[in-house]
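Engineer:
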Amino acid sequence: MHVSKWEGRRSYEQWKAYGLLFPSLIIFALFMIWPFFYTIYLSFFDWNMVAPTKTFVGFQNYVDVLTDPITYKVLRNTLFYIVLLLAMNLVVPYIFAFVLDLVLHRWKGFYKGAIFLPSVISLVVGSILFMWLLNPVSGPVAIVLGAFGITMPVWSKLDGWVIVGLSLITSWKVFGYNFIVLYAAVNGISREVIEAAKLDGVPLWRIFVQIVLPLSGATGIYVLIITIVQGLQYVFTPIKVLTQGGPYYGSANLIYQAYHEAFVLYRTGHSAALSILTMFIFFILLWLEFKFVERGIHYAN
Amino acid sequence: MQTKWRYTIPWHIVFLLFITTLLFPILFAIGSSFRPLEEAYNDVLNFIPWNPTLENYRIFFGSMDVIQITFNTFLIASCVTLFKVCTSFLAAYAFVFLKFKGKDVLYFLFIATIFIPFSVTMIPNYLVISDIGLSDHLVGVMLPQLADAIGIFLLHQSMRTIPMSLIEVARLDNLSHRRIMKDIVLPLVKPAVTSTSIWFFILSWNEYVWPVLMLKSVEQYTLPLALQMYMSSEGGTHFTVAMAVAVVTMIIPLLLYLTFQKYIIGTFTSSGIK
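From first to last, the protein sequence lines are chains A and B. Counting in our numbering, the first sequence tops out at residue 304, every number present. Counting in our numbering, the second sequence tops out at residue 422, every number present.
This is the structure in structure tokens:
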């Protein structure tokens, strides 16, 4: 009797749990999981989003996408975005977090607060501010550079430069959040190890590489992953507002290109095929997240 | 002490220069928004409004229904925040304090939603919301945003710090889960709930990608859409007016952040991914 009461309570708890998860689950199912499968479905059809019938074309959309030179241009752009975003939003804030935690002793609160501040501002605002600040003829940056005899490139019209410009704008917003998360990880490392190394006269860069990086590694990987996953989606806004993917697909990344195919060219199948390819890349990152990050969350404390 | 300063002063200079660079665009926008157009155009660099004017704001308020647009933005952000925090709180509670079959699979599924880029969901969501007649409607903007794995994750991290024994004792005393949530868990994770709410509000206030797909008529617009429209329709020449629109768009998130700065930074600092 004791056992059955316990059993009854357990199954009651189970249903209670499912009940609590239900609101989130229904939203995820309707607006995330079902659309995911529907996009896979659409990737096998030729359609323009308005025609009453869809034509089944098998893998033709994937063949089209994979034989289109623009896809490879977009892939190269995406890779360049990833490299720049990681340099600006993982490497630099990691070093800054290390310095703020272990080298500086004053004004820490002010520095943290000020560095985080741009993270709360809309990327549309950021795009428009930087459009003026980085205007290659009349903007303040061009004027200052001009005083030193440097001519600013017309960055929004040049392959390569345009990606640098848009990554800078995005990083202005992303940097602060990543910095705070990395600072917390560095700050959470036991002081004894670091103090001992300092007393032994170990140079700072070695403390960073040999002690801080391994001990805050899970957070480092977490920031690496979200910088790629969210960074590529954040960049969408400045691309849409400022360049619309131009000059000639020079600033389009995988996400923007999927939007362009669907809502500008009305080639739903191509867009869906591109999105599914993007999803493959993101799933590799998800696997990394569970291998290195979530494990740390479950068993660290 | 001497050697210490020799190490720290260069880094203080680096930090101060860096922060000046980060904050310059904001000061530039605020300053320029109060300057007359010709003056600002001829002398971009000197952004301090020596002859302050409200003309730019008057042009913006005259060109569209700013009150309505601000209200739309506020309404979407408030509803989305309220729902997201509630759904996240309930789910996080279940994941932290209840035992049930399929917990690991469901947790994986929830976290996996963060990895679905919007390019994958945009076409089906666009079609569904159009089909039920909610495109160009504020509710259509809100619907897909009512749950968020990030919120579940942040509250999960905060609830984990509550000792399990506290909940077990309450359960032995036959306290219902509703009472435990309301009287024990909520007071203990209140800082995390507050900062998650403010963070969601700011995110939704700034949201651009989904609203720009959904909303077609100006009276349904949110502030980021209005800002973008003003730029394109004016060909980008009315730069001081654009700066005024930028200031109106960013003022609420900035004030919220400056008020709740300690909470927000505290939550991201203690979300504890080690």
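From the three backbone atoms N, C-alpha and C, an ideal C-beta is built for every residue, glycine too.
Bridge partners for Asp-49 of chain A per DSSP, in chain order?
Structural biologist: According to DSSP, Asp-49 of chain A bridges with A:Thr-58.
Engineer: Of the residues that make up the stretch 245-262 of chain A, which ones have a beta carbon closer than 9 Å to any beta carbon in chain B?
Structural biologist: The stretch 245-262 of chain A vs chain B, Cβ under 9 Å: Leu-257, Ile-258, Tyr-259, Gln-260, Ala-261 and Tyr-262.
Engineer: Shortest alpha-carbon distance to Met-155 of chain A belongs to which of A:Asp-162, A:Asn-138 and A:Val-238?
Structural biologist: The shortest Cα separation from Met-155 of chain A among A:Asp-162, A:Asn-138 and A:Val-238 belongs to A:Asn-138.
Engineer: Could you list which residues in chain A have their beta carbon closer than 7 Å to that of His-160 of chain B, in chain order?
Structural biologist: By Cβ distance, chain A contributes Leu-107.
Engineer: Just verifying my parser: in three-state terms, what is the DSSP assignment at Ala-295 of chain B?
Structural biologist: Three-state DSSP puts Ala-295 of chain B in coil, outside helix and strand.
Engineer: Do you know offhand how far Leu-185 of chain B's Cα is from Tyr-205 of chain B's?
Structural biologist: Rounded to whole angstroms, Leu-185 of chain B to Tyr-205 of chain B spans 12 Å at the Cα level.
Engineer: Output the residue ranges of the alpha helix (DSSP H) runs that lie fully inside the stretch 308-356 of chain B and measure 4 residues or longer, sorted by chain position.
Structural biologist: Within the stretch 308-356 of chain B, the complete alpha helix (DSSP H) runs of at least 4 residues are 312-320 and 338-354.
Engineer: Nearest CA to the CA of Lys-243 of chain A: which residue from A:Val-267, A:Ile-228, A:Gly-220 and A:Thr-230?
Structural biologist: Of A:Val-267, A:Ile-228, A:Gly-220 and A:Thr-230, the residue nearest in Cα terms is A:Val-267.
Engineer: Short of 7 Å in beta carbon distance, which residues of its chain neighbour Asp-284 of chain B, apart from the five on each side in sequence? Order them along the chain.
Structural biologist: The residues are Met-362, Leu-363, Lys-364, Ser-365 and Gln-368.
Engineer: With a cut-off of 8 Å on the beta carbons, I'd call Thr-221 of chain B and Trp-358 of chain B a contact; round off their distance for me.
Structural biologist: Actually they do not touch by this definition, with Cβ atoms about 13 Å apart.
Engineer: For chain B, find out if any of its Cβ atoms is closer than 8 Å to the Cβ of Ser-46 of chain A; answer yes or no.
Structural biologist: No, its Cβ sits nowhere closer than 8 Å to a Cβ of chain B.
Engineer: Assuming Thr-271 of chain A contacts Ile-271 of chain B under a Cβ cut-off of 8 Å, what Cβ separation, rounded to an integer in Å, is found between them?
Structural biologist: Rounded, the Cβ-Cβ distance is 6 Å, consistent with contact.
Engineer: Does the beta carbon of Lys-201 of chain A come closer than 8 Å to any beta carbon on chain B?
Structural biologist: Lys-201 of chain A does not count as touching chain B.
Engineer: Consider the Cβ of Phe-101 of chain A: report whether some Cβ of chain B lies at a distance smaller than 8 Å.
Structural biologist: Closer than 8 Å: no.
Engineer: Given this structure, state the Cα-to-Cα distance separating Val-127 of chain A from Pro-158 of chain B, to the nearest angstrom.
Structural biologist: The straight-line gap from Cα to Cα measures roughly 34 Å.
Engineer: Report yes or no: do three or more beta-carbon pairs, one from the stretch 235-254 of chain A and one from the stretch 89-102 of chain A, lie closer than 8 Å?
Structural biologist: No, the stretch 235-254 of chain A is not in contact with the stretch 89-102 of chain A.
Engineer: What does a CB cutoff of less than 7 Å around Met-307 of chain B pick up in its chain, not counting 5 residues either side in sequence?
Structural biologist: Closer than 7 Å at Cβ, skipping near neighbours: Ala-240, Tyr-241, Val-244, Val-333 and Val-337.
Engineer: Going by beta carbon distance, what residues of the same chain come within less than 7 Å of Thr-74 of chain A, once the five residues before and after it are set aside?
Structural biologist: Excluding sequence neighbours, Thr-74 of chain A sits near Val-68.
Engineer: Considering Cα atoms alone, identify which of A:Ile-287, A:Val-94 and A:Pro-26 is closest to Tyr-186 of chain A.
Structural biologist: Cα-wise, what sits closest to Tyr-186 of chain A is A:Val-94.
Engineer: Using a Cβ-Cβ cut-off of 8 Å, state whether Ile-118 of chain A counts as contacting chain B.
Structural biologist: Judged by the 8 Å Cβ criterion, Ile-118 of chain A is in contact with chain B.
Engineer: Check distances from the C-beta atoms of the stretch 389-407 of chain B to those of chain A and list, in chain order, the residues that come in under 7 Å.
Structural biologist: Result list: Ala-390, Ala-394, Thr-397, Met-398, Pro-401, Leu-402 and Tyr-405.
Engineer: Is DSSP giving Trp-135 of chain A helix, strand or coil here?
Structural biologist: Looking at Trp-135 of chain A - three-state DSSP - the assignment turns out to be helix.
Engineer: Mapping DSSP to helix, strand and coil, what is Pro-241 of chain A?
Structural biologist: It is helical.
Engineer: Report the residue from A:Ile-131, A:Ser-274, A:Tyr-251 and A:Lys-115 whose alpha carbon sits nearest the alpha carbon of His-160 of chain B.
Structural biologist: The option with the nearest alpha carbon to His-160 of chain B is A:Lys-115.
Engineer: Taking 8 Å as the threshold, find out whether the stretch 28-44 of chain A comes into contact with the stretch 287-305 of chain B through three or more Cβ pairs.
Structural biologist: Yes, the stretch 28-44 of chain A touches the stretch 287-305 of chain B.
Engineer: Does DSSP classify Ile-157 of chain B as helix, strand or coil?
Structural biologist: Residue state, collapsed to three classes: helix.
Engineer: My understanding is that Ser-122 of chain A touches Tyr-180 of chain A, with C-beta atoms under 8 Å, so please give their C-beta distance in whole angstroms.
Structural biologist: Yes, they are in contact, since the Cβ atoms of Ser-122 of chain A and Tyr-180 of chain A sit about 5 Å apart, within 8 Å.
Engineer: Under the three-state reduction of DSSP, which class applies to Ile-192 of chain A: helix, strand or coil?
Structural biologist: Three-state result, Ile-192 of chain A: coil.
Engineer: Locate the alpha helix (DSSP H) running through Pro-96 of chain A, then write down its first and last residues.
Structural biologist: Its alpha helix (DSSP H) spans residues 95-105.
Engineer: Strictly below 8 Å CB to CB, what residues from chain B border Glu-16 of chain A?
Structural biologist: By Cβ distance, chain B contributes Leu-246, Lys-247 and Phe-248.
Engineer: Between the stretch 191-206 of chain B and the stretch 157-172 of chain A, do three or more beta carbon pairs fall short of 8 Å?
Structural biologist: At 8 Å Cβ cutoff, the stretches do not touch.
Engineer: For a contact defined as C-beta to C-beta under 8 Å, what are the partners of Tyr-205 of chain B on chain A?
Structural biologist: None at all; the shortest Cβ gap to chain A is about 16 Å.
Engineer: What is the DSSP secondary structure of Ala-150 of chain A, reduced to helix, strand or coil?
Structural biologist: If DSSP states are grouped into helix, strand and coil, Ala-150 of chain A belongs with the helices.
Engineer: Can you look up Phe-416 of chain B in the DSSP assignment and give me helix, strand or coil?
Structural biologist: It is helical.
Engineer: Exposed or buried, which one is Pro-372 of chain B when buried takes at least 16 other CB atoms within 10 Å?
Structural biologist: Pro-372 of chain B should be labelled buried.
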